[in-house]
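Trainee: For reference, the structure I am asking about is given below.
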Amino acid sequence: MVARTALHDKHSAARNRIGDVDKGWRFAMPAIVTLAIVDGFPLIFALIASFQRYYLSGADKSHPFVGFTNYSSFVSDPAFTNALVNTIYIALAVVGIELLVGFLIAYLLALPDLGFRGLYLSVFLIPLLLSPVVVGLTWRLILHPDLGILNYLLGLISVSKVAWLGGPKTALASIIAVDVWHETSLVVLILYAGIRALPIEPQEAAAVDGAGPVTILLRIVLPLMRPIILVAFLIRFISAIKTYDLVYIMTKGGPGTSTETLSYLIWRTGLAGPLDIGAAAAGSILLVIVVAGLSWVLLKATEQAETYY
Amino acid sequence: MNITVTYHTKLLKMAFGSMVASVLVGCTAIGASEPNNTSALPASTKPFDGATITMLMEELSETQYIQDLLPEFKSATGITVQFENVPYGDMYTKLITQLTSGDKQGAYDAVYTDFYWTGEFARSGWIKPLDDQIAADKVDLSGIIPALFDINGKVDGQIYYIPVYPYPMGIVYRTDLGITIPKTMEELAAYAKGLKKSDFFGVAMQGAPTDPVAMEWLNFLYALGGDLYEKDGKTPRVNDAIGQKALSLYIDMIDNAAQTGAAGANLDDASAIFAQGKSAMMVTYITIFSGVFQDPEKSTVVDKWAVAPMPGTGVGNVGAWSFGIPTSSKNPGAAWEFIKWVTSEKVAKARALKGGSPAYTSFFTAPELIAKYPNLPQAYAVLKAGKGLPLITKQQDMVATLGRELSEAVTKRKTPQKALDDLAAKLKELANP
Amino acid sequence: MTRRLPSLGRIAAHLILFSTALSILAPLAWVVRTSLVSKKVAYLIPPDWSAPLSLSSYYVILYDQPFIKYLWNSLSIGAVATTLSLIVGVPAAFAMSRFNTGGSLLRIGILGAQILPAVALAIPVFTVVRMLHLFDTPFTLMIVYVSFNLPYVIWILAGFFAGLPPEVEEAALIDGCSPAKALILVVIPMAQSGIVAAGVFSFVLAWNEFLFALVLTGLQARTLPVAVAGLITQAGTQVGPMAAATVLMSLPVVALTFISQRYLVTGLTFGSIK
Numbered sequence: 376m377v378a379r380t381a382l383h384d385k386h387s388a389a390r391n392r393i394g395d396v397d398k399g400w401r402f403a404m405p406a407i408v409t410l411a412i413v414d415g416f417p418l419i420f421a422l423i424a425s426f427q428r429y430y431l432s433g434a435d436k437s438h439p440f441v442g443f444t445n446y447s448s449f450v451s452d453p454a455f456t457n458a459l460v461n462t463i464y465i466a467l468a469v470v471g472i473e474l475l476v477g478f479l480i481a482y483l484l485a486l487p488d489l490g491f492r493g494l495y496l497s498v499f500l501i502p503l504l505l506s507p508v509v510v511g512l513t514w515r516l517i518l519h520p521d522l523g524i525l526n527y528l529l530g531l532i533s534v535s536k537v538a539w540l541g542g543p544k545t546a547l548a549s550i551i552a553v554d555v556w557h558e559t560s561l562v563v564l565i566l567y568a569g570i571r572a573l574p575i576e577p578q579e580a581a582a583v584d585g586a587g588p589v590t591i592l593l594r595i596v597l598p599l600m601r602p603i604i605l606v607a608f609l610i611r612f613i614s615a616i617k618t619y620d621l622v623y624i625m626t627k628g629g630p631g632t633s634t635e636t637l638s639y640l641i642w643r644t645g646l647a648g649p650l651d652i653g654a655a656a657a658g659s660i661l662l663v664i665v666v667a668g669l670s671w672v673l674l675k676a677t678e679q680a681e682t683y684y
Numbered sequence: 013m014n015i016t017v018t019y020h021t022k023l024l025k026m027a028f029g030s031m032v033a034s035v036l037v038g039c040t041a042i043g044a045s046e047p048n049n050t051s052a053l054p055a056s057t058k059p060f061d062g063a064t065i066t067m068l069m070e071e072l073s074e075t076q077y078i079q080d081l082l083p084e085f086k087s088a089t090g091i092t093v094q095f096e097n098v099p100y101g102d103m104y105t106k107l108i109t110q111l112t113s114g115d116k117q118g119a120y121d122a123v124y125t126d127f128y129w130t131g132e133f134a135r136s137g138w139i140k141p142l143d144d145q146i147a148a149d150k151v152d153l154s155g156i157i158p159a160l161f162d163i164n165g166k167v168d169g170q171i172y173y174i175p176v177y178p179y180p181m182g183i184v185y186r187t188d189l190g191i192t193i194p195k196t197m198e199e200l201a202a203y204a205k206g207l208k209k210s211d212f213f214g215v216a217m218q219g220a221p222t223d224p225v226a227m228e229w230l231n232f233l234y235a236l237g238g239d240l241y242e243k244d245g246k247t248p249r250v251n252d253a254i255g256q257k258a259l260s261l262y263i264d265m266i267d268n269a270a271q272t273g274a275a276g277a278n279l280d281d282a283s284a285i286f287a288q289g290k291s292a293m294m295v296t297y298i299t300i301f302s303g304v305f306q307d308p309e310k311s312t313v314v315d316k317w318a319v320a321p322m323p324g325t326g327v328g329n330v331g332a333w334s335f336g337i338p339t340s341s342k343n344p345g346a347a348w349e350f351i352k353w354v355t356s357e358k359v360a361k362a363r364a365l366k367g368g369s370p371a372y373t374s375f376f377t378a379p380e381l382i383a384k385y386p387n388l389p390q391a392y393a394v395l396k397a398g399k400g401l402p403l404i405t406k407q408q409d410m411v412a413t414l415g416r417e418l419s420e421a422v423t424k425r426k427t428p429q430k431a432l433d434d435l436a437a438k439l440k441e442l443a444n445p
Numbered sequence: 002m003t004r005r006l007p008s009l010g011r012i013a014a015h016l017i018l019f020s021t022a023l024s025i026l027a028p029l030a031w032v033v034r035t036s037l038v039s040k041k042v043a044y045l046i047p048p049d050w051s052a053p054l055s056l057s058s059y060y061v062i063l064y065d066q067p068f069i070k071y072l073w074n075s076l077s078i079g080a081v082a083t084t085l086s087l088i089v090g091v092p093a094a095f096a097m098s099r100f101n102t103g104g105s106l107l108r109i110g111i112l113g114a115q116i117l118p119a120v121a122l123a124i125p126v127f128t129v130v131r132m133l134h135l136f137d138t139p140f141t142l143m144i145v146y147v148s149f150n151l152p153y154v155i156w157i158l159a160g161f162f163a164g165l166p167p168e169v170e171e172a173a174l175i176d177g178c179s180p181a182k183a184l185i186l187v188v189i190p191m192a193q194s195g196i197v198a199a200g201v202f203s204f205v206l207a208w209n210e211f212l213f214a215l216v217l218t219g220l221q222a223r224t225l226p227v228a229v230a231g232l233i234t235q236a237g238t239q240v241g242p243m244a245a246a247t248v249l250m251s252l253p254v255v256a257l258t259f260i261s262q263r264y265l266v267t268g269l270t271f272g273s274i275k
């Protein structure tokens, strides 16, 4: 992005020379068609169903239109507010911690003459490769109050056992911690790439002027990194809002509904007890709108940040 | 251009190869998954010879016992039975998606049904009534414990499912520690609390939402003489004085008598605690766990445990699994043959001998079974005294809501009163759509 | 930064990096250890460190259950989905970055495709799959995963292409190549890192996907995540075999990533900078 403006001009010129813009559409068509069919159809289905009274079970198989009933009942259910609060809390906590830790790690990795860099990078890549199923199961095993290794180790230093997934606050904290363990690597990768791509001149100039490493970090590196940090934030935040797999594997929304996220609530409404497809569809559309809206805001903020350079 | 030409060729070959491969893999897979429905010669005594039927089963010991006996079925009828085994929590969703498939479109030919899916599946028109076939084939169901048909067999007067395996709940307790089960629930709570030491617990409990806590707590409710609804099946009474007492006793025991993290423990967690010798008692499915508790690989309490009914009224929660035939079944005829076979007295006895839970009345007094499983007579007493669930249509939702509200109370996110009141409000909605 | 870090700083840096690396490796080591002891020892707390190593859990996985079949399913589905994603995604990314095809609207549309929660898609997709009689076939998951992967593939590659200098292509075009030929002969070789990165990313995504695999497959096309999750049973999570299955499921992707590590970092470097 730092070099974008210059390249962009080159590309416009290149484009004019290459000429045939229609070719572009031919290249992009297969992708557009695939996405339209596989993602577009379910979206339209969800949109229509959200306005219908649509239950999977029961003797009455009709799907009459009921206007906005599904939306209003979904939103007015206390479970919705609970899930919304949980989702936002998880998303902010997870992304916040990951950005901080991720930046620290990325910064350290980018230090010149750092030995074992390749080795560290390889290790840090590993959590990313693991399926949420694997991650969830592994940590459930470790966090088990009586048969898990964590409590055993804590016991060795005289800390009493904690039921990590059994109490509402600890369960939420555990989900956040496991997600951080799993996804920080992605942030590390993105930020590391960003730091490596930074131009060296401003930092060198500042060093020559006598600035210490901390000043350089705060006054030069961080501001230059803003666009990338925003990208990392965007990617992780969208992902975190959709949190579902970990909840399903580790807590099933419990204890009570203390770890229930919006995605999990939607699943529960549609494919568990109520089998209320109409309400689940309404919830999905709402979730899509919320995430889309947030993404739009962040995208604009990113583009704005870019124009500084 | 030489290098790039080679690269170009390589790329094209790769692309072509993978497209061919994808089509091939896709094709062979489609081929493999279609059921083999060759029709037999009319004169054959095996009208479904060569057919393959599939059903979704719970990943549990009972399923294994049936699986061990399948070769016998195949040689008798020529039908191959394929089990798709999944954990309990995934079954409902997978079943729903197949049952709604429409006539003869579903992946499962018979459906293994748990007792709180009974009403919903039948009343949604997804299951074929079996009365006609039972009469036509003169199937004798009198040997099966009659109460099981109320729990998971009949809906609105018609037989939709044949019970295969009941799972009564009661207390299992250690026999090597001088434990005696008190007579009332209040005493039980005090007793269990007294037994708790630093590394040993009075009782192993399963407070996790939604099934574990719901199933466990129902025993507490019934033992105190309470119920979810009044006799009319429409007015909730779960939040009356008895319900509140049941909940406060339950919470007391979770907090002060049970293992660490009992509020989040599921059946698996709690059983492991008992099997590892770390608790004196457990409210659980008394017939399922013979296998686990008697397995030296998994348990340190082999031969050191016995079974007892709940104190108080002695009424516990009883569930059952049954088989039905979905309207979406591709091969209902072969499925019916299987159901007749697996629920027949001979096969049921073979399963019981392996450690399965018997569905036939006579088994609980059969000498060869009692010799192997001395707990059986006691288990039968518990079963007879037990109670199933109200047969409203939205049973699954009822149990899930029950579990959720209970968990909210157990984790102190709601007061017990509020949790029960919210639950009652929802139960009212569900019974009066 | 050109100045050398003072030794104290370096020690501190290594300390932090090392402990972080440890926090990643320790839980994994525990799972591996759990998979390499007998089933009974696997449960024991306090752990019996002196227990002999045993492959019994692996035997259970490979022989009691058709894990080889599930492994093959995951492998073939992942490989095909990845290949198709690249075949479809590379030209699209190329068009979007070179010709600005579709402008912001297409960019947002592709971004939007990432946003949809899997839960919302599951039921309609299942309905269609059933209507087309494609339930429980690997083919179905391949297509579904292609659509999951495409936004990421395009995003990574578009960014990557944007960073490549256009002169070499232009030279090819002037020599008489069509844009398609230019793409294949010139751009793709230059974009190796990006393509490998996008490919590995796609494969891992397909390999690890759970919800759709659960809903859209039965016995034939079942993939590893569903099989592994299936080891949580009511009557006892089979801790040993579960750990073994986890290890088996993770090894291929870990190996894949180690092999392509160099490409990954370079590829994702260009990709994440729009």
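Chains as they are written, first to last, in my numbering: chain H, 376 to 684; chain Y, 13 to 445; chain L, 2 to 275. Note that beta-carbon positions come from the ideal geometry of N, C-alpha and C, so glycine has one too.
1) DSSP beta-bridge partners for Gly-182 of chain Y?
2) Using the three-state DSSP reduction, which class does Leu-112 of chain L fall into: helix, strand or coil?
3) Since Thr-21 of chain L is in the alpha helix (DSSP H), which residue starts that stretch and which ends it?
4) For Thr-559 of chain H versus Glu-635 of chain H, is the C-beta distance shorter than 7 Å?
5) Kindly confirm or deny that the stretch 8–19 of chain L and the stretch 256–269 of chain Y touch, where touching means at least three C-beta pairs closer than 8 Å.
6) Roughly how far, in whole angstroms, is the beta-carbon of Leu-432 of chain Y from the beta-carbon of Tyr-241 of chain Y, given that I think they are within contact range, below 8 Å?
7) Any idea what DSSP makes of Thr-92 of chain Y, helix, strand or coil?
8) Can you say whether Phe-127 of chain L is buried or exposed, counting buried as having 16 or more other CB atoms within 10 angstroms of its CB?
9) Considering Trp-138 of chain Y, what are the terminal residues of the alpha helix (DSSP H) in which it resides?
10) In three-state DSSP terms, what is Gly-631 of chain H?
11) Say whether the stretch 77–92 of chain Y touches the stretch 113–125 of chain Y, bearing in mind that this needs 3 or more beta-carbon pairs closer than 8 Å, one atom from each stretch.
12) For the stretch 419–447 of chain H, enumerate the residues whose C-beta is nearer than 7 Å to any C-beta of chain Y, in chain order.
13) Closest to Ala-274 of chain Y by CA distance: which of Y:Pro-221, Y:Lys-246, Y:Glu-132, Y:Gly-238 is it?
14) Please list the partners that Gly-281 of chain Y has in chain H, where partner means a Cβ-to-Cβ separation under 9 Å.
15) Short of 8 Å Cβ to Cβ, which residues in the stretch 625–639 of chain H face chain Y?
16) Out of curiosity, what's the CA-to-CA distance linking Pro-649 of chain H and Leu-531 of chain H?
17) By the three-class DSSP mapping on this structure, what secondary structure does Gly-415 of chain Y have?
18) Taking one C-beta from the stretch 186–201 of chain Y and one from the stretch 168–178 of chain Y each time, how about it: are there three or more such pairs within less than 8 Å?
19) What residues are listed by DSSP as bridge partners for Ile-65 of chain Y?
20) Give the C-beta separation of Leu-418 of chain H and Leu-637 of chain H to the nearest angstrom, bearing in mind that I take them to be a contact with Cβ-Cβ under 8 Å.
21) By how many angstroms is the C-alpha of Ser-419 of chain Y removed from the C-alpha of Lys-544 of chain H?
22) At least one CB of chain L closer than 7 Å to the CB of Thr-222 of chain Y: is that the case?
23) Are the beta-carbon atoms belonging to Tyr-264 of chain L and Ser-194 of chain L less than 7 Å from one another?
24) How many Å lie between Val-240 of chain L and Met-69 of chain Y at the Cα?
25) Of all the CB atoms in chain L, is at least one closer than 7 Å to the CB of Thr-109 of chain Y?
26) Could you check how far apart the C-beta atoms of Ala-43 of chain L and Ala-244 of chain L are, in whole angstroms? I think they sit under 8 Å.
27) Could you please give the first and the last residue of the uninterrupted beta strand (DSSP E) stretch that includes Ala-318 of chain Y?
28) From the beta carbon of Phe-202 of chain L, is the nearest beta carbon of chain Y less than 7 Å away?
29) With a Cβ-Cβ cutoff of 7 Å, do Leu-540 of chain H and Ser-533 of chain H count as a contact?
30) What residue ranges within the stretch 63–122 of chain L form continuous alpha helix (DSSP H) runs of no fewer than 4 residues, ordered along the chain?
31) Give a yes or no on contact between the stretch 201–215 of chain Y and the stretch 296–312 of chain Y, applying the rule of three or more CB pairs nearer than 8 Å.
32) Quick check: the stretch 483–493 of chain H against the stretch 228–245 of chain Y, are there 3 or more CB pairs under 8 Å?
33) Gly-241 of chain L lies in the beta strand (DSSP E); which residues open and close that run?
34) Given a cut-off of 7 Å on the beta-carbon distance, is the pair Ala-119 of chain Y and Tyr-172 of chain Y in contact?
Mentor: The short version:
1) Y:Thr-296
2) helix
3) 8–36
4) no
5) no
6) Incorrect: roughly 13 Å between the Cβ atoms, too far for contact.
7) strand
8) Phe-127 of chain L comes out buried.
9) Run containing Trp-138 of chain Y: none; DSSP gives neither H nor E here.
10) coil
11) no
12) Leu-431, Ser-432, Gly-433, Ala-434
13) Comparing Cα positions, the closest option is Y:Pro-221.
14) Here residue 281 of chain Y is Asp; the residue named in the question, Gly, does not match the sequence. Residues of chain H passing the Cβ test: His-519, Pro-520, Asp-521, Leu-522.
15) Thr-626, Lys-627, Gly-628, Gly-629, Pro-630, Gly-631, Thr-632, Ser-633
16) When the Cα atoms are used, Pro-649 of chain H and Leu-531 of chain H turn out to be separated by approximately 46 Å.
17) helix
18) no
19) According to DSSP, Ile-65 of chain Y bridges with Y:Val-93.
20) Going by Cβ atoms, the distance from Leu-418 of chain H to Leu-637 of chain H rounds to 17 Å, so no, they are not a contact pair.
21) 14 Å
22) At a cut-off of 7 Å, the C-beta of Thr-222 of chain Y has no neighbouring C-beta in chain L.
23) yes
24) 21 Å
25) Output row for Thr-109 of chain Y: interface = yes.
26) 7 Å between Cβ atoms; contact.
27) That run of the beta strand (DSSP E) goes 317–320.
28) no
29) In this structure, Ser-533 of chain H does not lie closer than 7 Å to Leu-540 of chain H by Cβ.
30) 68–99, 104–116
31) no
32) no
33) Looking at the DSSP string, Gly-241 of chain L is not in any beta strand (DSSP E); the run it does join, the alpha helix (DSSP H), is 240–260.
34) No.
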